[in-house]
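Written out below as structure tokens is the structure these notes cover.
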Amino acid sequence: MLNILSPSILAADFKNLEHDIKAAESGGAKWLHIDVMDGMFVPAISFGMCVQESIRPCTDMFFDTHLMIMDPIRYIRKFAELGSNGITVHEEACPDVRAALKMIRDCGCRAGLSINPGTPVEKLESHLEDVDMILMMSVEPGSGGQKYLPQSTDRIRQVSRMIKTSGRSIDLEVDGGIRLSNVKEVLDAGANVIVAGSAVFHGDIKANTEDFVRILNGE
Ligand code: DX5
Ligand code: ZN
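Given below as structure tokens:
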């Protein structure tokens, strides 16, 4: 699978979102990670539909929408209409995981399923045929700038093996605490989509993006 960087705008400067998005794009990022939080599934409230709608005209990047919200099926169609290319829901937040994943695909988006650090990876097993991507949290979801949980590496390895055994083409995304210093460890464990928030948007956004892309391209 192709390695992809998905910079998370949660760490961007919200008064200059367009500028920050374009800086990441000019550094070579093809995806944009959009973290939606509802104050229920996670304590924080980030942003929602209006923000995604406002930034959609700024760029043609792939919108990788990460819904950290309870019962997300209620909002899938809306986010699809507002330009998501992929929508990821949490296993822990869905009363009916299969129905949510089906709804994402029916809306024309790539379907992602995420699990928190404390959720057994076996929970993913029965959903492999319904997903295009698995998103493994490597921090407790809810805020940017946290430290990568070291036990994530083993969990990524397990899920990577699970995907290989299934013979399906499923992207493996990892989210939380990834920086230039540990991204290689995450890639080596089998991830191919890397979310980075603070490590991209704090400091020189274009240069940070270029540094990540270089590592992801194996240079
Ligand atoms: C955490 C979010 C992440 C976060 C990553 O709940 O899902 O996408 O923005 O931020 P960093 O890379 O700063 O850990
Ligand atoms: Zn995220």
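Just so we're aligned, residue 122 is where the sequence shown starts under the numbering used here, counting upward by one.
Each residue gets a CB set at the ideal place from its N, CA and C atoms; glycine is no exception.
Remember, predicted model here, so these are calculated numbers, not experimental data.
Distances between the C-beta of Ser175 and the heavy atoms of the ligand ZN are all 8 Å or more. Taking C-alpha positions only, Leu234 is separated from Val295 by approximately 12 Å. For Ala320, the shortest separation between its Cβ and any heavy atom of the ligand DX5 lies below 8 Å.
With a 10 Å radius around the Cβ and a threshold of 16 neighbouring Cβ atoms, His154 comes out buried. Relative to the ligand ZN, the beta carbon of His154 is positioned inside 8 Å of a heavy atom. Beta-carbon to beta-carbon, Val210 and Pro238 are separated by about 17 Å, too far to satisfy the 8 Å threshold. Inclusion of Ala221 and Cys230 in the CB contact set at 9 Å is not warranted, their separation being larger than that value.
Counting C-beta pairs closer than 8 Å gives fewer than three between the stretch 140-149 and the stretch 240-256, which falls short of the contact rule. DSSP, reduced to helix, strand and coil, places Pro238 outside both helices and strands of the structure shown, so it counts as coil. For the options Lys268, His323, Thr274, the alpha carbon positioned closest to that of Gly298 is the one of Lys268. The shortest C-alpha to C-alpha distance from Pro164 to any of His248, Gly265, Arg198 is the one to Gly265. When secondary structure is reduced to three states using DSSP, Met191 falls in the coil class, being assigned neither helix nor strand. Put simply, the backbone Cα of Lys305 is about 10 Å away from that of Gly311.
A distance below 9 Å separates the beta carbons of Met189 and Pro262. When the five nearest sequence neighbours on each side are left out, the beta carbons in the same chain lying within less than 7 Å of the beta carbon of Leu203 are those of Met170, Gln173, Glu174, Arg177, in order along the chain.
Measuring C-alpha to C-alpha distances from His248 to each of Lys223, Arg335, Ile125, Asn124 identifies Lys223 as the nearest. In this model, Ser302 and Leu138 are separated by some 26 Å (Cα to Cα).
It is roughly 31 Å from the alpha-carbon of Ile255 to the alpha-carbon of Lys136. Under the DSSP assignment, Thr286 falls outside any beta strand (DSSP E), being part of the alpha helix (DSSP H) whose first and last residues are 273-287. Put simply, the backbone Cα of Val280 is about 29 Å away from that of Glu146. Taking the Cα of Gly288 as reference, the smallest distance to any Cα among Pro271, Val252, Leu308 is reached at Val252. A heavy atom of the ligand ZN is found nearer than 8 Å to the CB of Val316.
Only buried fits Met182, as 16 or more other CB atoms lie within 10 angstroms of its CB.
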